[in-house]
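Student: Residue numbers (numbering that gives the first Met the number 0), protein chains in the order written: chain A, 0 to 457; chain B, 0 to 457; chain C, 0 to 457; chain D, 0 to 457.
Using N, Cα and C, we set each Cβ at its ideal position, and we do this for glycine too.
There are 4 protein chains.
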Amino acid sequence: MGVILRGGIIVTAVDYYKADIRMEGEKVIAIGEGIALPEDHILDVEGCFLLPGGVDVHTHFDLPVGNTVTADDFSSGTQGAIIGGTTTVVDYATQFKGQTLKEALMAWHAKARGKNYTDYGFHMAISDWNDDIAEEICWLSKSAGVTSIKLYMAYKNVLQVNDDILFKAFTKGKQHGVLVCVHCENGDMIYNLVNQYRSQGNVTPYYHSLSRPIIAEEEAVTRVIAIAQAAQSQVYIVHLSSNLALQVVMKAKAKGNKVYAETCPQYLLLDESYYNHSFESTKYVISPPLRQKENQDFLWRGLSNRILDVVATDHCSFNFNGQKDAGLQDFSMIPNGIPGVENRLSLLYTYGVVPGKISMNTFVNVTATQPAKIFGLFPRKGTIAPGSDADIVVWDTNHTFVIRAETQYQRVDYTPYEGLQQKGKARHVFLRGRQVVHHGKLCDVNPHGIYLPRQGIR
Amino acid sequence: MGVILRGGIIVTAVDYYKADIRMEGEKVIAIGEGIALPEDHILDVEGCFLLPGGVDVHTHFDLPVGNTVTADDFSSGTQGAIIGGTTTVVDYATQFKGQTLKEALMAWHAKARGKNYTDYGFHMAISDWNDDIAEEICWLSKSAGVTSIKLYMAYKNVLQVNDDILFKAFTKGKQHGVLVCVHCENGDMIYNLVNQYRSQGNVTPYYHSLSRPIIAEEEAVTRVIAIAQAAQSQVYIVHLSSNLALQVVMKAKAKGNKVYAETCPQYLLLDESYYNHSFESTKYVISPPLRQKENQDFLWRGLSNRILDVVATDHCSFNFNGQKDAGLQDFSMIPNGIPGVENRLSLLYTYGVVPGKISMNTFVNVTATQPAKIFGLFPRKGTIAPGSDADIVVWDTNHTFVIRAETQYQRVDYTPYEGLQQKGKARHVFLRGRQVVHHGKLCDVNPHGIYLPRQGIR
Amino acid sequence: MGVILRGGIIVTAVDYYKADIRMEGEKVIAIGEGIALPEDHILDVEGCFLLPGGVDVHTHFDLPVGNTVTADDFSSGTQGAIIGGTTTVVDYATQFKGQTLKEALMAWHAKARGKNYTDYGFHMAISDWNDDIAEEICWLSKSAGVTSIKLYMAYKNVLQVNDDILFKAFTKGKQHGVLVCVHCENGDMIYNLVNQYRSQGNVTPYYHSLSRPIIAEEEAVTRVIAIAQAAQSQVYIVHLSSNLALQVVMKAKAKGNKVYAETCPQYLLLDESYYNHSFESTKYVISPPLRQKENQDFLWRGLSNRILDVVATDHCSFNFNGQKDAGLQDFSMIPNGIPGVENRLSLLYTYGVVPGKISMNTFVNVTATQPAKIFGLFPRKGTIAPGSDADIVVWDTNHTFVIRAETQYQRVDYTPYEGLQQKGKARHVFLRGRQVVHHGKLCDVNPHGIYLPRQGIR
Amino acid sequence: MGVILRGGIIVTAVDYYKADIRMEGEKVIAIGEGIALPEDHILDVEGCFLLPGGVDVHTHFDLPVGNTVTADDFSSGTQGAIIGGTTTVVDYATQFKGQTLKEALMAWHAKARGKNYTDYGFHMAISDWNDDIAEEICWLSKSAGVTSIKLYMAYKNVLQVNDDILFKAFTKGKQHGVLVCVHCENGDMIYNLVNQYRSQGNVTPYYHSLSRPIIAEEEAVTRVIAIAQAAQSQVYIVHLSSNLALQVVMKAKAKGNKVYAETCPQYLLLDESYYNHSFESTKYVISPPLRQKENQDFLWRGLSNRILDVVATDHCSFNFNGQKDAGLQDFSMIPNGIPGVENRLSLLYTYGVVPGKISMNTFVNVTATQPAKIFGLFPRKGTIAPGSDADIVVWDTNHTFVIRAETQYQRVDYTPYEGLQQKGKARHVFLRGRQVVHHGKLCDVNPHGIYLPRQGIR
């Protein structure tokens with residue numbers, strides 16, 4: 000017995016057409032007319048868009064940071080995700096100093112196992128590179144299904160790596176089909192600016208922003224592309240935030256460098272003026288910081304022109320009370336990060352598709368198709384086609400609602416998008432053929448997400 | 000009764016998956032598993048790619064030029080097209096001095112009617128703009144299904160228009176949903192250079208190339224984008240040939256200008272060294288001319304990065320004997336143009352996909368999907384999806400052959416691609432559900448192509 | 000008997016040192032210590048800068064425009080100039096429709112003869128190019144001492160020339176050592192925008208600015224550089240007003256194109272907000288129009304970096320009452336132009352040197368040295384060196400004053416710089432060894448300026 | 000009693016005129032006509048150019064490198080310099096690991112004292128930065144007359160510093176009027192490439208070039224400008240070698256960054272093809288390496304357009320026999336550097352001025368005026384003006400000669416310019432009023448050079 004979705008408009012990264020979808024088991028079986036079998040269950044989705052389930056390739060669930068831990072774990076985080084129309088997350092497993100990659104990965108599997116409402120994969124964020132770690136890259140890709148790693152050019156004395164390690168990582172990555180993701184900000188520059196501001200007594204959250212100027216991002220993006228080029232490797236830039244960094248990516252792509260770039264809803268929608276809300280400014284402390292508003296149009300255009308490949312959330316939630324507010328007297332003590340895994344699709348639809356900044360095809364492309372392609376999940380994830388997983392979002396464009404911390408599934412005491420009116424919501428969500436969201440509510444209390452080993456990157 | 004294509008790999012601009020296609024009547028009805036009805040005819044296409052029929056949006060069939068006429072008419076031209084896997088052409092109907100657009104269009108309908116082996120639409124190339132013509136633009140779009148016009152910045156005293164007319168055309172185009180296509184070379188610059196070379200006795204075809212330097216193209220592309228911006232309109236640049244012009248397009252797209260750009264196989268594959276083949280150089284005389292080889296990599300990359308949107312042929316064939324050779328003693332007397340409508344897909348596959356310069360998805364995107372989208376034919380044409388026309392190419396990647404003038408369907412006595420070994424060929428071609436090519440040969444001697452009124456452009 | 004200037008600091012485009020200057024007859028004879036002869040007159044200039052007399056290469060005196068004529072003639076104009084420290088002007092003689100260049104030049108000699116308080120040369124602005132005119136270029140350069148011409152890309156149906164004429168002018172210019180100066184705005188674009196605004200009833204001076212957007216300048220600058228390149232010629236861009244146009248010049252220079260660019264005090268100091276002063280906005284109507292304030296920093300930097308070569312005034316004065324105000328009801332009827340020949344040096348000193356935007360060397364370079372070099376007057380003009388004309392400005396940096404229409408020498412009823420506090424003024428001015436300004440006042444009522452035939456340009 | 004130079008043409012960075020020069024004591028006293036006193040000695044220099052003595056701000060004399068030392072010490076090095084028309088050198092005193100800056104400087108004074116045929120100053124190259132060293136910067140500038148330091152972004156594990164140190168150095172430099180000079184190549188990138196090539200057995204000098212690709216320079220130039228911007232400091236880039244790096248400098252200058260850039264004769268004249276001369280390739284091993292020939296035109300243009308400020312030599316000589324040849328079996332063992340302090344002026348004149356790539360003014364500007372201005376020696380050095388040191392080169396444009404190792408004053412067994420025909424030579428050279436070169440030969444066997452404490456940088 001299968002399920003027929005009838006009357007919706009299927010949207011992929013390129014197509015837009017009205018047709019029935021037939022799911023059976025975990026897969027999409029057929030699309031078109033006259034495909035229903037007698038026993039099939041028919042669900043009327045007239046007037047809705049049928050989208051491939053969203054793929055959010057940048058989350059941090061259950062992540063220890065300093066002496067605290069993120070507010071969301073895999074359970075609450077993936078509940079938020081699925082309610083918002085995201086059916087797959089790729090979370091950053093993180094190696095801490097002294098750990099092997101295997102130890103780190105096992106720890107992350109332990110955190111995640113049995114808790115996921117979406118399917119999930121892992122990247123591996125590396126904070127302690129050495130020759131032994133380099134040797135584990137092969138295992139990571141070939142045996143563990145983790146085909147991407149992350150390195151940080153910022154966070155001096157904590158996570159930051161130098162160019163030597165970047166070069167070696169690119170070389171290893173290329174050898175074993177592993178994509179190297181990089182946090183691009185010049186950590187030495189930031190370290191000095193932070194110290195300058197603090198020594199001058201400038202400690203409000205506003206100085207968080209000043210201590211991480213765009214030039215720190217532009218420089219790091221330029222550098223990492225250069226190193227990847229010298230190592231004849233590709234590179235994926237996480238959370239690009241500014242027009243100047245975007246221009247660097249654009250020129251690199253035009254030159255033939257193999258560069259992918261991701262941005263996040265916060266950089267598309269929020270701006271540095273939020274750091275003036277003195278009391279609540281800590282809520283918006285992220286790295287890179289929010290930028291001047293004029294950057295936003297360039298980022299939207301970058302999505303539209305495919306200079307930017309992916310919109311992910313960098314969901315990394317801390318409660319305002321008891322976590323974020325620890326840094327009210329010193330911006331350098333604020334845990335960096337904001338929630339958002341729940342809001343990605345509705346934000347992009349409301350502020351991108353509705354005003355015409357991006358097309359429906361681009362909307363699907365950057366939230367599902369490209370992330371799945373880049374990270375070795377396509378065509379299982381990221382499209383609606385026979386043979387793909389039946390991860391389908393029935394998107395109701397007439398459903399308006401307001402984002403509120405008090406009603407969110409994410410387990411964090413605020414949202415940076417508080418009060419924003421949304422147009423468009425996931426009415427139903429299917430995860431590998433099973434309906435998990437029904438009329439905007441979680442309809443199955445059990446987590447059915449499975450681990451996704453990912454294909455190596457060419 | 001329908002037809003089932005079984006065992007092939009469906010490729011669209013974004014997807015790549017194995018599934019059956021069911022066609023009935025003129026349409027694709029369903030895709031997937033278990034969609035065959037008992038009475039359906041099943042065609043085994045195991046191991047082949049199933050591509051949306053190619054859309055060539057730049058042809059000149061049966062075009063009078065000076066006191067001669069192109070070698071191919073709509074019959075031979077579209078036979079070449081369909082054999083090569085192109086199921087739709089959009090030909091440039093041309094208004095001559097003194098004609099109304101309606102007269103020009105009727106003349107083109109008369110040339111084309113009953114002769115087409117592919118479906119076809121028309122652009123309108125305008126050589127005599129005035130206030131009355133401006134008024135006809137509305138009719139053209141709303142009543143005649145012609146939603147694109149072309150203007151020339153080159154060919155001084157013949158087709159060239161000034162910036163005033165360009166501005167007015169953009170304004171009218173915007174008003175009536177008509178896309179303005181522009182031949183971008185600075186005609187005044189070329190006019191003076193041609194005269195300089197001729198006055199110096201430099202008359203071999205080589206000087207055709209020197210008299211049309213890249214700066215003439217780069218300048219015109221820059222200018223037309225500026226005028227479109229001032230008129231708040233979009234613009235489509237035909238046959239872009241050089242890296243410098245490409246850079247202009249890239250920067251304009253990044254700035255948010257609405258610019259589309261097309262290149263052609265000749266610019267991707269041939270170079271200015273062909274003008275040194277003294278006797279045969281006239282065969283390669285086109286405008287813009289072939290460029291230095293180093294431009295080609297940038298153009299391929301432009302396709303891959305979506306800076307270039309379309310590959311069309313600018314098919315405009317003249318026989319070497321009796322037409323091209325008229326200019327052996329004076330390059331300015333050579334009728335400009337080359338054939339190629341038959342070779343577009345195999346050339347792009349062989350030199351783009353096989354060596355990895357472009358992906359299969361990009362191959363489909365630039366030869367079918369984007370041209371259909373830009374010119375108001377999507378989703379009827381340009382994709383394989385339920386509801387779309389069943390224009391399907393069964394692409395056999397194991398079929399190798401050599402391009403030869405003597406075996407081509409195009410009715411012209413040479414080919415610029417003579418002797419090139421091709422990997423990949425259209426084994427079968429379906430036009431709106433009807434098989435018209437069978438094992439690489441035309442299997443239906445009757446022309447079944449129909450006229451396609453096109454949707455207005457937003 | 001000579002004159003010794005003692006105690007000042009000599010500033011040239013590169014040097015800065017304290018030394019005596021000895022003038023005798025019309026020339027600087029010696030510089031240094033121990034150069035005074037017993038009978039010499041010694042003038043104490045302790046604490047002042049000694050600058051080469053300013054060279055303003057863009058003025059329009061006694062110019063008929065429509066059915067009016069500029070407020071300043073050569074007498075009042077050059078009185079303003081010399082008071083302000085400018086000892087040489089190069090005025091735009093203008094050929095009107097139907098005139099030969101010789102007729103036009105004779106007319107300008109007649110206007111100027113016997114009236115000049117500064118030395119003077121002529122450019123030739125050409126409004127009616129044809130083959131006969133082209134033939135006169137040789138005479139102009141070789142016999143008449145006019146080694147620069149100007150063409151307009153704007154003012155459709157009045158002064159505007161097309162690219163064909165530009166190409167031919169560059170070719171002729173190169174042949175005869177004549178530099179082609181160009182007013183760079185796309186006239187066709189502007190013509191259509193003006194008509195659009197007027198047809199919408201948008202007729203206030205503010206729409207003057209909207210109808211001449213930066214893209215019109217950027218486009219024209221790009222184009223004229225391209226045409227000059229194709230013609231293998233150099234080009235001089237008058238009154239560059241915007242950062243985007245500046246970027247074009249910068250890239251062209253880096254590529255090796257031979258391009259010179261001039262800006263004016265009005266673009267460095269005033270901005271488009273002046274078009275909001277409803278009643279008085281007409282006072283600021285010039286072409287190109289005033290731009291957004293953010294352009295100014297780029298222009299200052301362009302001077303500092305030598306991307307911009309010259310600051311000239313484009314002095315073209317019309318009274319507000321009876322001339323400018325004619326366009327209060329229709330911006331297109333306002334005669335374009337503002338006064339300023341009197342204020343160039345003090346404005347640049349006050350707003351450039353004092354706040355450190357440009358050095359003293361750059362100040363001299365762009366107001367005297369480069370204009371003299373580019374236009375064939377160096378080393379006679381533009382520097383302080385033995386053998387050069389003794390055109391010397393004793394610049395008193397402690398003299399502050401306020402610009403007022405009522406106290407100016409220019410014969411026009413307003414000044415766009417009304418009320419601006421100036422720091423620095425010409426205390427004394429010597430023209431070819433003769434003192435003509437004494438303590439800021441004209442001390443010789445007779446005009447002693449002579450005509451300067453200029454050397455051909457290489 | 001003074002000396003009169005009569006009949007020459009004085010050339011400065013901006014002027015070009017015929018006049019007498021009167022020197023007395025160590026200074027230029029007067030310039031012009033009628034300045035000779037009865038007892039003055041008159042030297043006829045008819046037909047020669049009178050140039051300010053050259054200033055070479057990049058030499059390495061008596062420098063220990065690995066377990067060898069450069070072939071030239073201060074005696075032979077400055078003999079070469081003065082014969083070639085250079086009257087001032089600024090040598091890189093070098094701090095070795097463990098030394099204080101004071102110790103390093105004293106060591107350099109000891110090497111130099113009493114041996115110099117030119118005047119000399121010191122930069123301080125720092126290889127061991129720490130907080131104590133940072134504190135010495137103030138002393139260096141205020142008490143020791145050393146107002147520039149150098150840091151290296153290359154030479155991993157030897158001289159290379161990270162971005163943290165660069166930031167701190169810029170901050171200190173800004174505070175104390177010290178200009179930070181930087182060797183811009185990404186050392187980590189190079190380190191990995193060197194290891195890759197060596198591990199593959201690719202050890203010929205050719206791989207020296209491949210292991211230091213242009214991207215390593217372009218990246219480092221971009222980065223150092225970014226860091227200087229964040230630290231609100233200026234920066235001086237030594238030995239820029241490639242067009243891509245030049246473009247970075249150009250854009251930074253246009254943006255308003257305070258960046259100076261130096262190139263060297265070797266990058267203007269030699270190219271990577273020299274690494275194919277298998278046996279002799281080691282002679283050309285320098286860092287950055289010689290580049291593809293196409294870079295040279297851009298560098299020449301950069302001088303002409305003032306994007307490049309200085310031509311210095313980076314003179315660092317090693318004998319081929321016994322020093323350079325040590326690396327015949329492993330390029331990484333070759334001591335990097337070439338001689339050239341003797342040849343700078345004749346090379347630039349012959350290959351720059353004679354073919355018209357740069358003007359005489361630019362020739363003087365980049366070899367004397369700008370280096371003196373940037374490094375705090377102007378107007379004492381770098382120009383010919385009353386009050387300046389009488390360092391004057393009588394340049395004989397009719398003197399042709401051939402560069403030969405066997406006839407050079409430099410004490411090294413080869414020259415990279417062997418056999419090059421030179422047009423133009425220093426006939427006489429005056430150092431602070433004393434003639435030290437007479438008809439191309441050293442005419443005073445005693446070294447008269449003095450140490451030049453330099454002014455702080457603003």
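CA-CA distance, B:Gly439 and B:Asp55?
Tutor: On the second sequence, residue 439 of chain B is found 440 positions in, with the first residue counted as 1. On the second sequence, residue 55 of chain B is found 56 positions in, with the first residue counted as 1. C-alpha separation (whole angstroms): 19 Å.
Student: Closer than 9 Å, CB to CB, is B:Gln246 near chain A or not?
Tutor: Numbered from its first residue, the second sequence carries residue 246 of chain B at position 247. Yes, contact with chain A.
Student: Taking just the CA atoms, how far does A:Ser303 sit from D:Gly97?
Tutor: Position 98 of the fourth sequence holds residue 97 of chain D. Position 304 of the first sequence holds residue 303 of chain A. Rounded to the nearest angstrom, the two C-alpha atoms are 56 Å apart.
Student: In its own chain, which residues sit with a C-beta less than 6 Å from the C-beta of B:Tyr416, not counting the 5 before and 5 after it?
Tutor: For this step, residue 416 of chain B is matched to residue 417 along the second sequence. Contacts found: Asn342, Ile402.
Student: Answer yes if the stretch 39 to 55 of chain A comes into contact with the stretch 269 to 281 of chain A, meaning at least three C-beta pairs across the two stretches below 8 Å, and no otherwise.
Tutor: Judged by Cβ distances under 8 Å, the stretch 269 to 281 of chain A makes no contact with the stretch 39 to 55 of chain A, as fewer than three pairs qualify.
Student: Look at B:Glu218 and C:Thr221 and say whether their C-beta atoms are less than 9 Å apart.
Tutor: Taking the first residue of the second sequence as 1, we reach residue 218 of chain B at position 219. Taking the first residue of the third sequence as 1, we reach residue 221 of chain C at position 222. Yes. Within cutoff.
Student: List, in chain order, every chain D residue whose beta-carbon is nearer than 7 Å to that of C:Glu32.
Tutor: Position 33 of the third sequence, counted from the start, is the residue given in the question as residue 32 of chain C. Neighbours of C:Glu32 on chain D, chain order: Ile28, Ala29, Pro385.
Student: Taking only beta-carbon positions, decide if B:Ile9 is within less than 9 Å of chain A.
Tutor: Against the second sequence, residue 9 of chain B aligns to sequence position 10. Chain A, which has a Cβ nearer than 9 Å to the Cβ of B:Ile9, makes this yes.
Student: Which residues in the same chain as D:Pro288 place their Cβ atom closer than 8 Å to its Cβ, once the five residues preceding and following it in sequence are excluded?
Tutor: For the purposes of this step, residue 288 of chain D is taken as the residue at position 289 of the fourth sequence. His207, Ser208, Arg211, Ser240, Glu271, Tyr274, listed in sequence order.
Student: What residues from chain D crowd round C:Ile373, counting only those whose CB sits closer than 9 Å?
Tutor: Within the third sequence, numbered from 1, the residue matching residue 373 of chain C stands at position 374. Those do not exist, as C:Ile373 stays about 13 Å from chain D at its closest Cβ, beyond 9 Å.
Student: By the criterion of Cβ-Cβ separation under 7 Å, what are the contact partners of C:Phe166 in chain B?
Tutor: Here residue 166 of chain C is taken as the residue at index 167 of the third sequence, counted from 1. In chain order: Asp187, Met188, Asn191.
Student: From the DSSP secondary-structure annotation, give me the bridge partner or partners of C:Asp131.
Tutor: For the purposes of this step, residue 131 of chain C is identified with residue 132 of the third sequence, where counting begins at 1. Answer by DSSP bridge pairing: none, since C:Asp131 is not bridged.
Student: For D:Asn360, report the span of its alpha helix (DSSP H) as first-last.
Tutor: The residue you call residue 360 of chain D lines up with position 361 of the fourth sequence. From DSSP, the alpha helix (DSSP H) with D:Asn360 extends over 359 to 363.
Student: Output yes or no for whether 9 Å exceeds the beta carbon distance between A:Glu25 and A:Val2.
Tutor: Here the question's residue 25 of chain A lines up with position 26 in the first sequence. Here the question's residue 2 of chain A lines up with position 3 in the first sequence. Taking 9 Å as the Cβ cut-off, A:Glu25 and A:Val2 do not qualify as a contacting pair.
Student: Which runs of the alpha helix (DSSP H) at least 4 residues long sit entirely within the stretch 247 to 334 of chain B? Give them in chain order.
Tutor: Listed in chain order, they are 264 to 268, 293 to 303.
Student: Threshold first: 4 residues or longer. Then list the alpha helix (DSSP H) segments lying entirely within the stretch 76 to 114 of chain A, N to C.
Tutor: Fully enclosed alpha helix (DSSP H) runs of 4 or longer: 100 to 111.
Student: If you draw a straight line from the C-alpha of D:Tyr16 to the C-alpha of D:Arg5, how long is it?
Tutor: For the purposes of this step, residue 16 of chain D is taken as the residue at position 17 of the fourth sequence. For the purposes of this step, residue 5 of chain D is taken as the residue at position 6 of the fourth sequence. If I take the Cα positions, the gap works out to 12 Å.
Student: Pick from D:Asn191, D:Gly455, D:Trp299: whose alpha carbon is nearest that of D:Val353?
Tutor: What you label residue 353 of chain D is simply residue 354 of the fourth sequence in a count that begins at 1. Ranking the options by Cα distance to D:Val353, first place goes to D:Trp299.
Student: Starting from the C-beta of B:Val223, find all residues in its chain whose C-beta is less than 8 Å away, skip the five residues before and the five after it, and write them out in chain order.
Tutor: By one-based count along the second sequence, residue 223 of chain B stands at place 224. Counting only Cβ-Cβ distances below 8 Å, and skipping sequence neighbours, we find Met152, Leu165, Val181, Cys183, Val234, Ile236.
Student: What does a CB cutoff of less than 8 Å around A:Gly355 pick up in its chain, not counting 5 residues either side in sequence?
Tutor: In the first sequence, counting from the first residue as 1, residue 355 of chain A sits at position 356. Excluding residues within five positions, none has a Cβ falling inside 8 Å.
Student: When Cβ atoms are compared, which residues of the stretch 216 to 246 of chain B fall closer than 8 Å to chain C?
Tutor: Cβ contacts with chain C: Glu217, Glu218, Thr221, Arg222, Ala225, Ile226, Gln228, Ala229, Ala230.
Student: Applying a beta-carbon distance threshold of less than 8 Å, which residues of chain B neighbour A:Thr368?
Tutor: Along the first sequence, read from residue 1 onward, the residue named residue 368 of chain A stands at position 369. Here the neighbours are Val13.
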